[in-house]
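*Asks:*
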Amino acid sequence: MKQLSGADTMFLQFEQGNNFMHVASLAIYDPSTAPGGGVRFKDVLRFFAARVEKFPQFRRRLVSVPFALDRPYWVEESGFDVEFHVRHIALPQPGDWRQLCIQVARLHSRPLDHSRPLWEAYVIEGLHNVEGVPPGSFALYTKMHHSIVDGESGTEILKALHSTSPEPIEEGEAVGGYAADREPSLPELYTRAVVHGVQRVPALARLTLDTARRVASLGTGTLGPLGTLLKGTRNLLPQLRALATGDLGTLLPKLPPTTRFSGKVTAHRVFEAVGLPLADLKTIRVQAGDATLNDIFLTIVGGALNKYLAAKRELPDGSLVAMVPMTLRGADKGGDHGNQVGFTVMSVRSDLDDPLERLQAIGEGARTSKRMTEAVGKEVSRDLLEYLPAPVADLLIRYVKLPGLGLIVSNVRGPDLPLYMAGAQLVHYSPVSIPVDGLGLNVTGFTYAGTMWISAVSCREMLPDPGFFAQCLHDSFDELREAAAALAPAARPETRHPARKQRTERRAPSRAKAPARKTARRKSASRAGTRRRGRAGSGNGATAPGPSAGAAEAPEA
10 MKQLSGADTM FLQFEQGNNF MHVASLAIYD PSTAPGGGVR FKDVLRFFAA RVEKFPQFRR
70 RLVSVPFALD RPYWVEESGF DVEFHVRHIA LPQPGDWRQL CIQVARLHSR PLDHSRPLWE
130 AYVIEGLHNV EGVPPGSFAL YTKMHHSIVD GESGTEILKA LHSTSPEPIE EGEAVGGYAA
190 DREPSLPELY TRAVVHGVQR VPALARLTLD TARRVASLGT GTLGPLGTLL KGTRNLLPQL
250 RALATGDLGT LLPKLPPTTR FSGKVTAHRV FEAVGLPLAD LKTIRVQAGD ATLNDIFLTI
310 VGGALNKYLA AKRELPDGSL VAMVPMTLRG ADKGGDHGNQ VGFTVMSVRS DLDDPLERLQ
370 AIGEGARTSK RMTEAVGKEV SRDLLEYLPA PVADLLIRYV KLPGLGLIVS NVRGPDLPLY
430 MAGAQLVHYS PVSIPVDGLG LNVTGFTYAG TMWISAVSCR EMLPDPGFFA QCLHDSFDEL
490 REAAAALAPA ARPETRHPAR KQRTERRAPS RAKAPARKTA RRKSASRAGT RRRGRAGSGN
550 GATAPGPSAG AAEAPEA
């Protein structure tokens with residue numbers, strides 16, 4: 010029996026209404042690399058079962074403490090049944106990328122069963138017309154509750170569930186018959202709750218005083234966007250009144266602009282993903298000087314939001330500010346999995362049209378954010394959740410209204426080399442993350458084997474045309490790539506990577522026009538790129554899973 014950490018419990022407490030707190034992934038496999046040139050469902054099931062049994066968290070279910078007096082516990086089951094968790098389905102015809110996105114969105118719209126271990130996997134066949142995917146490929150959609158895993162631990166699990174060679178490895182049969190934990194009695198749970206409550210109060214007091222001293226030593230201007238959020242909170246009485254009533258608009262009067270993504274999410278999810286060549290992103294990093302890959306990723310996201318909202322005539326004057334998870338894991342990433350994550354906020358400079366200006370501004374903001382987290386301590390948010398009495402944390406998370414930033418952005422580094430499941434090569438890997446009330450758009454980047462996969466998840470009412478948003482991501486990437494290439498000295502052509510030629514076709518000039526903007530802003534020309542066939546923005550999108558690009562006209566808002 011193992012008690013959840015404060016961060017793990019937070020993701021359980023956030024799960025209410027239409028806020029489903031599971032994270033997922035979409036993986037596509039080429040079975041032609043397997044011995045014999047094919048893979049059957051039972052091969053995947055056997056491979057999966059032999060690997061999953063190495064992780065006890067896949068066999069644990071929740072035991073909650075009555076009235077939320079303490080954090081829940083994980084209790085390991087003895088009758089674990091892998092066939093309950095791994096299911097087998099097929100796409101409807103025509104079996105194209107759009108149908109796959111719709112299927113993933115539907116699966117992602119269903120909450121997990123909390124009476125069972127909190128994960129599911131779906132082997133999806135019928136990918137007959139997904140462009141850029143080898144014939145006979147199958148997909149695997151896997152979802153796990155965020156209380157089990159964060160971005161980096163998810164990457165470690167991904168590696169452990171795969172092999173680095175298509176050659177068969179003797180996995181052996183799943184052992185089964187695991188020793189079950191004894192489920193605690195109610196008196197035991199109550200006793201533990203009292204003891205833990207007494208132990209956490211002194212630690213919380215020390216943490217609060219230490220953090221207050223650190224923040225007081227910094228000017229709000231030093232804190233970047235977080236400083237903006239903290240302005241106006243010096244008067245304690247109005248601050249407490251606003252906190253008690255959930256009116257954080259009064260508590261934090263100078264908030265970033267609200268957009269269509271700032272409201273409450275509905276139950277219906279949408280999903281899209283694009284692939285960008287990692288070599289091109291690294292070339293941009295060299296050409297642009299001191300930019301990081303994360304700066305480039307945020308610049309692409311900010312540009313996509315600029316294009317999408319401008320096409321809807323909803324682009325605010327100020328920039329959107331994103332909540333950004335940051336890992337708290339050290340060099341040793343072993344041990345039990347779970348959440349070792351903190352949060353900061355960063356501007357994506359969606360108010361700037363010029364991609365190089367946006368990249369420079371984001372780089373400056375990232376350095377400011379880094380100084381702030383180093384000064385305050387990036388473990389503060391995690392430690393606060395760890396030491397806060399469980400009933401207080403439960404009330405705050407469930408009933409305090411959070412500022413509607415509208416956007417969550419994260420970027421995770423994945424494996425550099427190809428991975429295999431039952432001999433089938435993993436050729437596509439997209440994260441499928443979490444939109445919640447007030448943070449209705451989640452954009453996640455994941456690098457794998459030479460490609461950065463960028464996925465967007467929202468609800469159908471906020472993002473009715475995910476294919477068009479994917480188009481905006483491609484156009485933003487094209488603009489940044491061409492602008493950075495123009496900076497490269499003509500005498501050093503070897504540092505410049507031309508647009509990729511494979512799987513490309515001629516594309517019409519961009520027709521997505523933003524409405525008239527302030528003359529002080531510099532307008533960026535529409536860039537050319539590569540784009541798969543199909544109408545962008547129809548249904549759940551028609552963007553190819555491969556590294557393609559293009560331009561499209563915005564559907565009617």
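So the sequence shown is numbered by our numbering: it starts at 10 and just counts up by one.
Virtual Cβ for every residue (Gly too), placed ideally from N, Cα, C.
Considering just the uninterrupted stretch of the alpha helix (DSSP H) at residue 48, what are its terminal residues?
*Replies:* Looking at the DSSP string, residue 48 is not in any alpha helix (DSSP H), and its letter there is neither H nor E.
*Asks:* When you compare the CB positions of residue 449 and residue 471, do they come within less than 8 Å of one another, or not?
*Replies:* Cβ distance < 8 Å, so residue 449 and residue 471 count as in contact.
*Asks:* The alpha helix (DSSP H) that contains residue 303, what's its start and end?
*Replies:* Looking at the DSSP string, the run of the alpha helix (DSSP H) that includes residue 303 is 302-320.
*Asks:* Do residue 6 and residue 334 have their CB atoms nearer than 8 Å?
*Replies:* Look at the range of the chain in this structure, 10 to 566, and you will see that residue 6 is not part of it.
*Asks:* Exposed or buried, residue 152, counting other C-beta atoms within 10 Å across all chains shown (16 or more means buried)?
*Replies:* By the 10 Å Cβ count, residue 152 comes out buried.
*Asks:* Taking only the alpha-carbon atoms, compute the straight-line gap between residue 37 and residue 484 and give it to the nearest angstrom.
*Replies:* Answer to the nearest angstrom: the Cα atoms are 25 Å apart.
*Asks:* Out of 74, 133, 26 and 129, state which residue places its alpha-carbon closest to the alpha-carbon of residue 13.
*Replies:* That would be 74, whose Cα lies nearest to the Cα of residue 13.
*Asks:* Quick one, are the C-beta atoms of residue 89 and residue 68 less than 8 Å apart?
*Replies:* Contact: yes.
*Asks:* Excluding the five sequence neighbours on either side, which residues of its own chain have a C-beta within less than 6 Å of the C-beta of residue 453, listed in chain order?
*Replies:* If we look at residue 453 and ignore the five residues flanking it on each side, its Cβ neighbours are 419, 440, 442 and 464.
*Asks:* With a threshold of 8 Å, are at least 3 pairs of Cβ atoms found where one atom belongs to the stretch 80-88 and the other to the stretch 115-124?
*Replies:* No contact exists between the stretch 80-88 and the stretch 115-124.
*Asks:* Are at least three pairs of beta-carbons, each pair with one atom in the stretch 352-371 and one in the stretch 322-332, less than 8 Å apart?
*Replies:* Judged by Cβ distances under 8 Å, the stretch 352-371 makes contact with the stretch 322-332, as three or more pairs qualify.
*Asks:* Buried or exposed: which applies to residue 319, given that a residue is buried once 16 or more other Cβ atoms fall within 10 Å of its Cβ?
*Replies:* Per the 10 Å Cβ criterion, buried.
*Asks:* Name, in chain order, the residues that DSSP records as bridge partners for residue 355.
*Replies:* Residue 355 is bridged to 331.
*Asks:* Tell me, please, whether the stretch 15-22 touches the stretch 136-145 by the rule of three or more beta-carbon pairs shorter than 8 Å.
*Replies:* Verdict: no, contact absent.
*Asks:* Taking the alpha carbon of residue 25 as the point to measure from, which residue in 407, 416 and 437 has its own alpha carbon closest?
*Replies:* Closest by alpha carbon: 407.
*Asks:* Beta-carbon separation of residue 268 and residue 415 under 8 Å?
*Replies:* Result yes, Cβ atoms of residue 268 and residue 415 sit closer than 8 Å.
*Asks:* Residue 324 to residue 487, Cα distance in whole Å?
*Replies:* Taking the straight line joining both Cα atoms gives about 21 Å.
*Asks:* Sort 292, 45 and 193 by Cα distance to residue 490 and report the nearest one.
*Replies:* Cα-wise, what sits closest to residue 490 is 292.
*Asks:* The beta strand (DSSP E) with residue 139 in it runs from where to where?
*Replies:* Residue 139 -> no beta strand (DSSP E), and no H or E assigned at all.
*Asks:* Given residue 99, which residues of its chain have a CB within under 8 Å of its CB, disregarding the five upstream and five downstream residues?
*Replies:* Correct list, in chain order: 133, 134 and 135.
*Asks:* Pick helix, strand or coil for residue 66, following the three-state DSSP scheme.
*Replies:* Three-state result, residue 66: helix.
*Asks:* Which residues share a DSSP beta bridge with residue 433?
*Replies:* BP columns for residue 433 point to 430.
*Asks:* Whole angstroms is fine: what's the gap from residue 34's alpha carbon to residue 150's?
*Replies:* So the two alpha carbons sit approximately 6 Å from each other.
*Asks:* Put residue 17 into one of helix, strand or coil per three-state DSSP.
*Replies:* DSSP places residue 17 in helix when its eight states are reduced to three.
*Asks:* Helix, strand or coil: which one does DSSP assign to residue 24?
*Replies:* Three-state result, residue 24: coil.
*Asks:* What did DSSP end up calling residue 89 once you bin it into helix, strand or coil?
*Replies:* Coil, per DSSP.
*Asks:* Given that a residue counts as buried once 16 or more other Cβ atoms are within 10 Å of its Cβ, and exposed if not, what is residue 284?
*Replies:* Answer is buried; the Cβ neighbour count reaches 16.
*Asks:* Applying the 10 Å Cβ sphere with the 16-neighbour rule, what's the burial state of residue 368?
*Replies:* Answer is buried; the Cβ neighbour count reaches 16.
*Asks:* On the DSSP letters alone, give me the boundaries of the alpha helix (DSSP H) that residue 171 sits inside.
*Replies:* Taken as a continuous stretch (DSSP letters only), residue 171 belongs to no alpha helix (DSSP H), as it is neither H nor E.
*Asks:* Quick check on residue 108: does DSSP put it in helix, strand or coil?
*Replies:* Helix, per DSSP.
*Asks:* Report the CB separation of residue 105 from residue 201 in whole angstroms; it is logged as a contact under 8 Å.
*Replies:* Not confirmed; about 53 Å, so no contact.
*Asks:* How far does the beta strand (DSSP E) with residue 453 in it reach, from first residue to last?
*Replies:* First-last of the beta strand (DSSP E) with residue 453: 450-457.
*Asks:* Might you give, ordered along the chain, the residues of its own chain that have their beta carbon closer than 6 Å to the beta carbon of residue 54, omitting 5 neighbours on each side?
*Replies:* Hits under 6 Å: 95.
*Asks:* With a 10 Å radius around its C-beta and 16 neighbouring C-beta atoms as the bar for buried, classify residue 413 as buried or exposed.
*Replies:* That one is buried.
*Asks:* Please report the straight-line C-alpha distance between residue 81 and residue 43, rounded to a whole angstrom.
*Replies:* When rounded, the distance between both Cα atoms is 42 Å.
*Asks:* Would residue 423 and residue 164 qualify as a contact pair, given that the criterion is a beta-carbon distance under 8 Å?
*Replies:* In contact: residue 423 and residue 164 (Cβ atoms closer than 8 Å).
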